[in-house]
Amino acid sequence: MAADEPNPVLATSGLQFPPSTSSVLKVMEPKDGRLPGLTQKLSTEEIPNRGFKPVRDTREKQIQLWKDLIIDYCKTQKIFVIGLEEEFPLFSNPVIERSLSHEAREAFLSALVSEGRAEWMDKGHKKCLILWHRIQDWADIIVQFAKDNGLEDGVVTLEEIRSGTESQGTELQGIDRIILNRALKLLEQKGKLAIFKGTSTDDEVYRAFGKIWMGFGARFPCSSSLALSYFGFGFVIFPFFFFTACSIYLREGASNSASNKNSDMDWKPKLGMEFDSLEKAWTFWNDYGGKMGFGVRKAYTNKSKKDGSVTSVRFLCSKEGLRRVDKRDHLTKNPRQETRTDCKVRMGLTNENGIFRVSDLIEDHNHVLQTPKTAYMLPSQRNISEVQAHEIELAEDSGLQQRASYELFSRHVGGRDHLGFTRLDQKNYLRTRRQKSLKYGEAGCLLRYFQEQTLIDPSFYRAFQMDNEEQITNIFWADARMRLDYGI
DNA sequence: TGCTTTTCGACTCCGATAGG
DNA sequence: CCTATCGGAGTCGAAAAGCA
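Reading the first sequence from the start, the letters are residues 1 to 488 in UniProt numbering.
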């Protein structure tokens, strides 16, 4: 804002900018030991080196005026953060070449902080977050915004709240991300919405800010059966997407729920920890790896010779140990990158009367862990569900390009990290499917050929050897010429 | 544990195709 | 016609399962 433009805040405050001789804005850097516009020298005992008026009531009035001024100015100009060491129009007046001292700025902002209308963003008090609405008020504004725009039970990105068409002209337009995030978290704690931490699609919006799901009035469905009920309500176009979004919420909800105060510790393994089943223990270890940012695998599973039950098992970090020496010839065309670092991280469990107890635990990795934003790419964290597989096949059969269909899937769930599989997984899945159908096709073609030959040549002979699952393992055939040649 | 076999996941090459 | 991109297939190594 240029210094000679009328300041809308000051107009409402009855003040002028640049400050007139009588204005409170004259409280600029005291060059002679006094604050400009004030008549008395400062008492260093009262407020040392602050540049304040010593008379208490006058000083308090001054602070009050400044507080109101800062709040009004920031609100009008949509300024959420004030950097004390940066140029700030309200604190400096280029016309008279004066600016408020650092101490005075800090004191005014500290006064706002003590009232809960601002917060220091760092210990050094260099940046201050201005809350002209308290976080609770911002949360109420968001709720009203959702109601006004029919976003209840819908999904909206944080960026859509900040700069979407619905938010234009509202207070939410251009809201600071820190404030928005805190207001949303407050609402999440109250069970009014769920935050989907999306991180990576080609869409910058999703990559940076993720998605939130708004379910005002009622909590998001917390059971798969309820999620599935969506199928019955006309969401048949994208059932898979809704299902995936729901399961994501359940995962996030489990770790973020305010009611689960021990959630920070529950997902970390401890010696003596017990699991009902091997599957639960493996899921726990896999989830722990996902949260920490390392891949997991199994070292071994020992089974009882008596009844075949698992007696002990050891789970590892995927970087455990070192790659073995390749005993094959060294004509490899595409040698692979080294993936092992001899990491010692492991969790050993022993079966004690049907309960699996953690008996061995090492948690120190010797390598860099993945960040939460990239952990979803770990092989152990990925999986194509049956419903997703169906969608992939549907897209393939409809002639959609793999890249395009993958992008569509990921956008519908708010980012690739919510999808649970990569584009390469999709490619490999389609390839396996093709190969399976090819196998069936080969056998089918051969049988058809034999049928045709039998009709043409009555001496044509064929025989099949089946395995115990009634699958063809060997085929023998001989036509008239072969029988003649070999005397069969 | 250690070895072998099977399956899965990922890297690479190369031909097909879309787009300029 | 040229170039970039995509997708299919060959290949290799890791992981899992089975067995000793």
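Note that beta-carbon positions come from the ideal geometry of N, C-alpha and C, so glycine has one too.
Sorted by chain position, which residues of the same chain lie with C-beta nearer than 6 Å to residue i's C-beta, five sequence neighbours on each side aside?
i: Ile175; result: Arg162
i: Trp477; result: Arg462
i: Ala281; result: Phe275, Leu349, Phe356
i: Asp266; result: none
i: Asn149; result: Glu166
i: Ser92; result: Ser99
i: Tyr300; result: Arg314
i: Asn353; result: none
Among the residues of its own chain, which have a CB less than 8 Å from the CB of residue i, if the five just before and after it don't count?
i: Asn302; result: Val310, Thr311, Ser312, Val313
i: Lys268; result: Tyr288
i: Leu447; result: none
i: Arg483; result: Ser459, Tyr461
i: Val113; result: Glu119, Trp120, Cys128
i: Gln168; result: none
Kindly indicate which residue of the options has the alpha-carbon position closest to the one of residue i.
i: Arg481; options: Gln453, Gln388, Ala463; result: Gln453
i: Cys343; options: Gly354, Asn366, Leu394, Asn353; result: Asn366
i: Leu394; options: Glu86, Gln77, Thr371, Leu430; result: Leu430
i: Asn286; options: Leu184, Phe88, Phe476, Arg382; result: Arg382
i: Val296; options: Ser277, Gly116, Ala375; result: Ala375
i: Lys270; options: Ile70, Phe284, Glu279; result: Phe284
i: Leu172; options: Lys123, Met121, Pro458, Ile79; result: Ile79
i: Lys373; options: Ser385, Asn353, Ala389, Gly420; result: Gly420
i: Glu396; options: Asn428, Glu115, Gly150; result: Asn428
i: Ala389; options: Thr432, Asn353, Glu87; result: Thr432
If I measure Cβ to Cβ from residue i and keep anything under 7 Å in the same chain, skipping five residues before and after, which residues do I get?
i: Ile63; result: Phe108, Ala111
i: Gln426; result: Ile392, Gln402, Tyr406
i: Ile47; result: With a pLDDT of 32 at Ile47, under the threshold of 50, the modelled position of that residue is not reliable, and no figure is offered here.
i: His102; result: Leu84
i: Gly164; result: none
i: Leu369; result: Met292, Gly293, Phe294
i: Gly321; result: Arg340, Asp342
i: Met278; result: The identity of residue 278 in the sequence shown is Leu, whereas the question assumes Met. Here the set comprises Val310, Val313, Phe356.
i: Phe88; result: Ile82
i: Pro379; result: Gly295
i: Gly272; result: Arg357, Val358
i: Asp457; result: Asp479, Ala480
Assuming residue i and residue j are in contact, meaning their beta carbons sit under 8 Å apart, how far apart are those beta carbons, in whole angstroms?
i: Leu84; j: Arg105; result: 5 Å
i: Thr422; j: Met377; result: 6 Å
i: Phe315; j: Lys291; result: About 15 Å; that fails the 8 Å criterion.
i: Asp479; j: Phe450; result: Between Phe450 and Asp479 the Cβ distance is about 10 Å, and since that is not below 8 Å, they are no contact.
i: Leu90; j: Gln136; result: So it is not a contact: roughly 26 Å between Cβ atoms.
i: Lys75; j: Trp132; result: 4 Å
i: Val81; j: Lys127; result: 6 Å
Is residue i near the ligand ZN, going by C-beta to nearest heavy atom under 7 Å?
i: Ser318; result: Because no ligand of any kind appears in the structure shown, any question about the ligand ZN cannot be addressed here.
Under the rule that 16 or more other beta-carbon atoms within 10 Å means buried, what is residue i, buried or exposed?
i: residue 565; result: Given that the chain is displayed from residue 1 to residue 488, the structure contains no residue 565 and the question cannot be resolved.
i: Glu188; result: buried
i: Arg134; result: exposed
i: Asp485; result: exposed
i: Asp72; result: buried
i: Lys319; result: buried
i: Arg434; result: exposed
i: Gly415; result: buried
i: Arg117; result: buried
i: Ala404; result: exposed
i: Leu455; result: exposed
i: Val387; result: exposed
i: Leu69; result: buried
Subject >> At least 3 beta-carbon pairs within less than 8 Å: the segment 381-400 vs the segment 408-427 >> reply: yes
**OP:** Could you tell me whether the segment 134-146 touches the segment 164-182, using the rule of 3 or more Cβ pairs below 8 Å?
**Re:** At 8 Å Cβ cutoff, the stretches touch.
**OP:** Kindly confirm or deny that the segment 360-374 and the segment 340-348 touch, where touching means at least three C-beta pairs closer than 8 Å.
**Re:** yes
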